[in-house]
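A quick write-up on the structure given underneath.
Residue numbers (the working numbering), protein chains in the order written: chain L, 1 to 242; chain G, 243 to 324.
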């Protein structure tokens, strides 16, 4: 495999040729192709993840354009998954990219992620995040939670057998009521942090705990937490969303 | 007894502290901590149901009891936008 395009990345001590080779053999499934998912899919495409699936049921709207650089005015009305597949493949033709225009439900999520080495959260629904969490725990698939609100973003790399799962840290999660405020470049910043966690999970089998970043205040917090042995999802294996 | 409660994110700004001390009874639960916290800082009321609470670095349920020396951390709810 020719790694010429990754030459500057391979120079990194944290990656090297070994790390790049690992990335080239991995399969990431990104659920959601909006602010977070479009940005994380572009970052992973450029970094050289071998296979990327993007699952999203929506079409591109004018209101999406302020928080992603991949979509433009000509794309409005087109399916996000289709446009992402096309544009990302133009960025890196050496990897395999597929866009799936699907609504992710409990009936199809297992088939969508069964071959994934990692799932990336690009959704805007907490119900769907719980579904991803339960699927990841059930099938022992690592995943990277990410969420944004106003100027604050959160990221957590989750290894079901090793780290807390999403349910460990949040038993009750507020879902959005209508449209939420989001500063334009926050999803890109949080997607970038999410992709770093993805690399660490894939290459080093490590995660950084819960990361909270306020981009307006430039405040970064990293919270190291332990698995909750009484967690209904990863502890008691109760999967109410699946 | 007094219990030290560490604060995360915007809770530091709302309270003006990185850590506060709350007075509870031995055997009180996380619910009591949250009740007292929200009463002292009413701006946090809307988060009440969703505040993330860890006890000794393990995120825990509301019915967990507090004993002397426990380290409690209160974090704002998980954010859900994409």
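Glycine included, each C-beta is placed from N, C-alpha and C at the ideal position.
From this set, G:310, G:303, G:298, G:292, which residue's C-alpha is nearest residue 317 of chain G's C-alpha?
Working through the second chain from its first residue, we reach residue 317 of chain G at position 75. Per the Cα distances, G:292.
Closer than 8 Å to chain L by CB, residue 321 of chain G
As a position in the second chain, residue 321 of chain G is number 79, starting the count at 1. Interface residue, yes.
Would you decide whether residue 92 of chain L is buried or exposed? Buried here means 16 or more other CB atoms lie within 10 Å of its CB.
As a working mapping, residue 92 of chain L is identified with position 92 in the first chain. So residue 92 of chain L ends up on the buried side.
Residue-level contact to chain G via CB, residue 164 of chain L, 8 Å cutoff:
Walking along the first chain from the start, residue 164 of chain L turns up at place 164. By this cut-off, residue 164 of chain L is an interface position.
Please state whether DSSP places residue 148 of chain L in a helix, a strand or coil.
Residue 148 of chain L sits at position 148 when you count from the first residue of the first chain. Note: residue 148 of chain L maps to strand in three-state DSSP.
In chain L, what lies closer than 7 Å to residue 250 of chain G by C-beta?
If you number the second chain from 1, residue 250 of chain G lands on position 8. Counting only Cβ-Cβ distances below 7 Å, residue 250 of chain G has contacts in chain L at 212, 221, 223, in chain order.
Which runs of the beta strand (DSSP E), 3 residues or longer, sit entirely within the stretch 146-212 of chain L?
152-158
Rounded separation between residue 136 of chain L and residue 290 of chain G - CA only
Here residue 136 of chain L refers to the residue found at position 136 of the first chain. Here residue 290 of chain G refers to the residue found at position 48 of the second chain. Going by the C-alpha atoms only, they are around 28 Å apart.
CB of residue 226 of chain L to nearest heavy atom of the ligand GTP: below 7 Å?
Questions concerning the ligand GTP fall outside what the structure shown contains, since it holds no ligand whatsoever.
With 7 Å as the C-beta to C-beta threshold (strictly closer), list the residues of the stretch 285-310 of chain G near chain L in chain order.
291, 292, 294, 296, 299, 300, 301, 302, 303
Does the beta carbon of residue 124 of chain L sit closer than 8 Å to a beta carbon anywhere in chain G?
Within the first chain, numbered from 1, the residue matching residue 124 of chain L stands at position 124. Taking Cβ atoms only, chain G reaches closer than 8 Å to residue 124 of chain L, which makes this a yes.
Skipping 5 residues on each side, what residues in its chain have a beta carbon closer than 6 Å to that of residue 54 of chain L?
In the first chain, the residue the question calls residue 54 of chain L occupies position 54. Counting only Cβ-Cβ distances below 6 Å, and skipping sequence neighbours, we find 30, 33, 41, 81, 84, 99.
Ignore the nearest five residues each way along the sequence and tell me which others in residue 26 of chain L's own chain have a CB closer than 6 Å to its CB.
Here residue 26 of chain L corresponds to residue number 26 of the first chain, with the count starting at 1. The residues are 49, 50, 117, 202.
Just the C-alpha distance for residue 217 of chain L and residue 320 of chain G, rounded to the nearest angstrom, thanks.
Locating residue 217 of chain L in the first chain gives position 217, counting from the first residue. Locating residue 320 of chain G in the second chain gives position 78, counting from the first residue. Going from the Cα of residue 217 of chain L to the Cα of residue 320 of chain G covers about 18 Å.
Residue 265 of chain G to residue 315 of chain G span [Cα, whole Å]:
Counting from 1 along the second chain, the entry for residue 265 of chain G is found at position 23. Counting from 1 along the second chain, the entry for residue 315 of chain G is found at position 73. Whole-angstrom Cα-Cα distance: 15 Å.
Contact list for residue 263 of chain L against chain G, beta-carbon separation under 8 Å
Outside the displayed span of chain L (1 to 242) sits residue 263 of chain L, for which this structure offers no information.
Under three-state DSSP, which class holds residue 7 of chain L?
In the first chain, the residue the question calls residue 7 of chain L occupies position 7. If DSSP states are grouped into helix, strand and coil, residue 7 of chain L belongs with the helices.
Between L:195, L:191, L:200, L:169, which has its C-alpha nearest residue 224 of chain L's C-alpha?
Here residue 224 of chain L is taken as the residue at index 224 of the first chain, counted from 1. Distances from the CA of residue 224 of chain L to each of L:195, L:191, L:200, L:169 were compared; the closest alpha carbon is that of L:169.
With a threshold of 8 Å between beta carbons, is residue 324 of chain G in contact with chain L?
In the second chain, residue 324 of chain G corresponds to position 82, counting from 1. With 8 Å as the cut-off, residue 324 of chain G counts as an interface residue toward chain L.
Using a 10 Å radius around the Cβ and a threshold of 16 neighbouring Cβ atoms, would you call residue 307 of chain G buried or exposed?
In the second chain, residue 307 of chain G corresponds to position 65, counting from 1. Exposed.
Considering only C-alpha positions, which residue in the set L:228, L:240, L:6 is nearest to residue 129 of chain L?
Here the question's residue 129 of chain L lines up with position 129 in the first chain. Nearest of L:228, L:240, L:6 to residue 129 of chain L, Cα basis: L:240.
Rounded straight-line distance, which links the Cα of residue 2 of chain L to that of residue 300 of chain G
For this step, residue 300 of chain G is matched to residue 58 along the second chain. For this step, residue 2 of chain L is matched to residue 2 along the first chain. Taking the straight line from one Cα to the other gives about 45 Å.
Among L:12, L:22, L:39, L:181, whose alpha-carbon lies nearest the alpha-carbon of residue 193 of chain L?
Residue numbering aside, residue 193 of chain L sits at position 193 when the first chain is read from its first letter. Of L:12, L:22, L:39, L:181, the residue nearest in Cα terms is L:39.
Mind checking who residue 27 of chain L pairs with in its DSSP beta bridge?
Reading the first chain from its first residue, position 27 is the one you call residue 27 of chain L. For residue 27 of chain L, which the question treats as bridged, DSSP gives the partners L:51.
Can you name, in chain order, every residue of its own chain whose Cβ lies under 7 Å from the Cβ of residue 10 of chain L, other than the five neighbours on each side?
As a first step, residue 10 of chain L must be located in the first chain, where it is residue number 10. Here the set comprises 3, 16, 17, 20.
Could you compute how far the alpha carbon of residue 45 of chain L sits from the alpha carbon of residue 288 of chain G?
As a position in the first chain, residue 45 of chain L is number 45, starting the count at 1. As a position in the second chain, residue 288 of chain G is number 46, starting the count at 1. Taking the straight line from one Cα to the other gives about 39 Å.
Quick check on residue 222 of chain L: does DSSP put it in helix, strand or coil?
Here residue 222 of chain L refers to the residue found at position 222 of the first chain. The answer is strand: DSSP assigns residue 222 of chain L an E or B state.
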